[in-house]
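In the numbering used here, the protein residues as written are 1 to 364.
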């Protein structure tokens, strides 16, 4: 339930440090790591507590409300252009045409990637998200991460440009951040972008799809939103609670022998926190199986809890809000089509490759 998940998230004996896992492969010397391994070695998701807190503290200014508000203006332009490209068809695949594209482009815009370099950034995003799948064969992994080196070269070029000519943007803020003489290295900044890609683009793909799916499946909630746009953030929160896209939950590794709910956990063992169960706890949410965008979400843990609370929460919410408003502005009579196809091979998400929507333009 809700409280059990929170207790585990706040328990310092349960670490995000992958190297504590009893089955973790021996850590290579840094000089023997490939580009992807170096990136993951510095990823916020897998660092020990001390290094995680250091990087998080240095990164926080880059996610300030001022910078995020500037980014929202860019997101709006990107989203409008995407819908212009789609045009006014009778139907289209929302999963492929919007959900798979908008989140990564939003982060590319945040980082300052030139439009003609978006494909390189897309390949980096694909490698970051798919390369961590533990079920891949060595050959499959190499295929998944083949775009990572070129993507990192692109990021390093941008970072070097900003070092020489800092501005009032995301990367410049990361470069200028300093704490007790400590600054972020190029690799740490690249790893931070990788973490944002993993959390802010891949999960947003599913959030976009499930948000639209649930609104269209619950017309009374859709109508309430159309009548009052201030309910947008409530709709996002309710989607994350009501239909979480995660398959596997959050992995934690015991740094010592501990007991959880009467179960003995040995040092080095993995604990999977199925956070979606917290959203279905009737002690916290009245009638949890009802989709209600006006529900109170003060106790939500969809974006984490404690030191691992998502620093990019505003980024995810902002790009999703921009997409949602533009979608219903263009297609006020939108309805679900007949086809939803899930990607069952995706290692950690209930991904919809196909979610057809009907625009019903003739009714407008």
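Cβ coordinates follow ideal geometry from the N, Cα and C atoms, glycine included.
Identify whether residue 365 lies in helix, strand or coil by the three-state DSSP scheme.
-> Outside the shown range of the chain (1 to 364) lies residue 365, about which nothing can therefore be said.
Count the other CB atoms, across all protein chains shown, that sit within 10 Å of the CB of residue 333; report buried if there are 16 or more and exposed otherwise.
-> Taking the chain shown and counting its residues from 1, one reaches residue 333 at position 333. Classification for residue 333: exposed.
Let me know the alpha helix (DSSP H) ranges lying completely inside the stretch 143-215, each 4 residues or longer, listed in chain order.
-> You should have 148-164, 170-176, 186-196.
In angstroms with no decimal places, state the Cα-to-Cα distance between residue 128 and residue 109.
-> Walking along the chain shown from the start, residue 128 turns up at place 128. Walking along the chain shown from the start, residue 109 turns up at place 109. Whole-angstrom Cα-Cα distance: 18 Å.
Buried or exposed by the 16-neighbour rule on C-beta atoms within 10 Å, applied to residue 94 = By one-based count along the chain shown, residue 94 stands at place 94. That one is buried.
Start and end of the beta strand (DSSP E) containing residue 356?
-> What you label residue 356 is simply residue 356 of the chain shown in a count that begins at 1. Here the beta strand (DSSP E) through residue 356 covers 351-358.
Assigned secondary structure, residue 347 (DSSP; H/G/I helix, E/B strand, else coil) = Residue mapping note: residue 347 aligns to position 347 of the chain shown, counting from 1. Residue 347 falls in the coil class under three-state DSSP.
Which first and last residues belong to the alpha helix (DSSP H) in which residue 242 is found?
-> Sequence index remark: in the chain shown, residue 242 carries index 242 (1-based). Per DSSP, the continuous alpha helix (DSSP H) segment holding residue 242 begins and ends at 232-242.
Rounded C-beta distance between residue 208 and residue 125? I'm assuming under 8 Å.
-> Mapped onto the chain shown, residue 208 falls at position 208. Mapped onto the chain shown, residue 125 falls at position 125. Cβ atoms of residue 208 and residue 125 stay farther apart than 8 Å, at about 15 Å.
Hey, could you find the ends of the beta strand (DSSP E) residue 264 is sitting in?
-> Translated into positions along the chain shown, residue 264 becomes position 264. Its beta strand (DSSP E) spans residues 263-265.
Pick out whichever of 354, 350, 348, 246 has its Cα sitting closest to the Cα of residue 340.
-> If you number the chain shown from 1, residue 340 lands on position 340. Answer by Cα proximity: 354.
Simplified DSSP state of residue 292, which is helix, strand or coil | Numbered from its first residue, the chain shown carries residue 292 at position 292. Residue state, collapsed to three classes: coil.
Residue closest to residue 329, alpha-carbon to alpha-carbon, out of 16, 282, 361, 185 | The sequence position of residue 329 within the chain shown is 329, counting from 1. The shortest C-alpha separation from residue 329 is found at 361.
Proximity of residue 9 and residue 304 at Cβ, strictly below 8 Å | Position 9 of the chain shown, counting from 1, holds the residue named residue 9. Position 304 of the chain shown, counting from 1, holds the residue named residue 304. Result yes, Cβ atoms of residue 9 and residue 304 sit closer than 8 Å.
Contacts around residue 130, its chain only, beta-carbon distance under 7 Å, and the 5 residues preceding and following it disregarded = On the chain shown, position 130 is the one that residue 130 refers to. Cβ neighbours of residue 130 beyond the five flanking positions: 144.
Top-ranked residue by Cα proximity to residue 24, from 89, 150, 251 | Locating residue 24 in the chain shown gives position 24, where the first residue counts as 1. When only C-alpha atoms are compared, the closest one is 251.
Quick one, are the C-beta atoms of residue 17 and residue 47 less than 8 Å apart?
-> Along the chain shown, read from residue 1 onward, the residue named residue 17 stands at position 17. Along the chain shown, read from residue 1 onward, the residue named residue 47 stands at position 47. Yes, the Cβ-Cβ distance between residue 17 and residue 47 is below 8 Å.
Between the C-alpha atoms of residue 186 and residue 159, what's the straight-line distance to the nearest angstrom?
-> Within the chain shown, the letter at position 186 stands for residue 186. Within the chain shown, the letter at position 159 stands for residue 159. About 7 Å.
Would you report the Cα separation of residue 257 and residue 266, rounded to the nearest angstrom?
-> Within the chain shown, numbered from 1, the residue matching residue 257 stands at position 257. Within the chain shown, numbered from 1, the residue matching residue 266 stands at position 266. Approximately 4 Å, taken between the alpha carbons.
What are the start and end residues of the alpha helix (DSSP H) that includes residue 68?
-> Stepping through the chain shown from its first residue, residue 68 is reached at position 68. Taken as a continuous stretch (DSSP letters only), the alpha helix (DSSP H) holding residue 68 covers 65-86.
Does the Cβ-Cβ distance between residue 349 and residue 246 come in under 8 Å?
-> Start at 1 with the first residue of the chain shown, and residue 349 comes out as number 349. Start at 1 with the first residue of the chain shown, and residue 246 comes out as number 246. A contact, by the Cβ cut-off of 8 Å.
Sort 19, 60, 2, 37 by Cα distance to residue 149 and report the nearest one.
-> Here residue 149 refers to the residue found at position 149 when the chain shown is read from its first residue. That would be 37, whose Cα lies nearest to the Cα of residue 149.
CB of residue 230 within 8 Å of CB of residue 67, strictly = Mapped onto the chain shown, residue 230 falls at position 230. Mapped onto the chain shown, residue 67 falls at position 67. For the pair residue 230 and residue 67, the CB atoms are not nearer than the 8 Å cut-off.
CB of residue 359 within 8 Å of CB of residue 15, strictly | Within the chain shown, residue 359 is the residue found at index 359, counting from 1. Within the chain shown, residue 15 is the residue found at index 15, counting from 1. No, the pair does not count as a contact, with Cβ atoms beyond the cut-off.
C-beta atoms of residue 28 and residue 19 nearer than 8 Å = Locating residue 28 in the chain shown gives position 28, where the first residue counts as 1. Locating residue 19 in the chain shown gives position 19, where the first residue counts as 1. Their beta carbons are not under 8 Å apart, which means residue 28 does not touch residue 19 by this criterion.
Quick one: residues in its chain with C-beta nearer than 6 Å to the C-beta of residue 33, no 5 flanking neighbours on either side, listed in chain order?
-> The residue given as residue 33 occupies position 33 in the chain shown. Excluding the 5 residues flanking it on each side, residue 33 has no same chain C-beta neighbour closer than 6 Å.
The alpha helix (DSSP H) with residue 328 in it runs from where to where?
-> Stepping through the chain shown from its first residue, residue 328 is reached at position 328. That run of the alpha helix (DSSP H) goes 313-330.
I think residue 177 touches residue 184, with their Cβ atoms under 8 Å apart; what is that distance to the nearest whole Å?
-> Walking along the chain shown from the start, residue 177 turns up at place 177. Walking along the chain shown from the start, residue 184 turns up at place 184. That belief holds up - the Cβ atoms of residue 177 and residue 184 are roughly 6 Å apart, short of 8 Å.
Write down the C-beta distance between residue 234 and residue 290 rounded to the nearest angstrom, noting that I regard them as a contact closer than 8 Å.
-> As a first step, residue 234 must be located in the chain shown, where it is residue number 234. As a first step, residue 290 must be located in the chain shown, where it is residue number 290. That pair is no contact at about 14 Å.
Of the residues 4, 206, 75, which one's Cα is nearest the Cα of residue 352?
-> As a working mapping, residue 352 is identified with position 352 in the chain shown. The shortest Cα separation from residue 352 among 4, 206, 75 belongs to 206.
Residue nearest to residue 83 in terms of C-alpha spacing, selected from 5, 101, 140 | One-based indexing of the chain shown puts residue 83 at position 83. It is 101.
Report the rounded CA-to-CA distance for residue 212 versus residue 41, giving the unit in angstroms.
-> Counting from 1 along the chain shown, the entry for residue 212 is found at position 212. Counting from 1 along the chain shown, the entry for residue 41 is found at position 41. So the two alpha carbons sit approximately 36 Å from each other.
Residue from 123, 272, 113 whose Cα sits closest to the Cα of residue 21 | Here residue 21 refers to the residue found at position 21 of the chain shown. Cα-wise, what sits closest to residue 21 is 272.
In the structure shown, what three-state DSSP assignment does residue 283 receive?
-> The residue given as residue 283 occupies position 283 in the chain shown. Looking at residue 283 - three-state DSSP - the assignment turns out to be coil, as it is neither helix nor strand.
Does the separation of the CB atoms of residue 210 and residue 243 fall below 8 Å?
-> Along the chain shown, read from residue 1 onward, the residue named residue 210 stands at position 210. Along the chain shown, read from residue 1 onward, the residue named residue 243 stands at position 243. Yes.
Hey, out of 201, 216, 75, whose CA is closest to residue 323's CA?
-> Taking the chain shown and counting its residues from 1, one reaches residue 323 at position 323. Considering only alpha carbons, the answer is 75.
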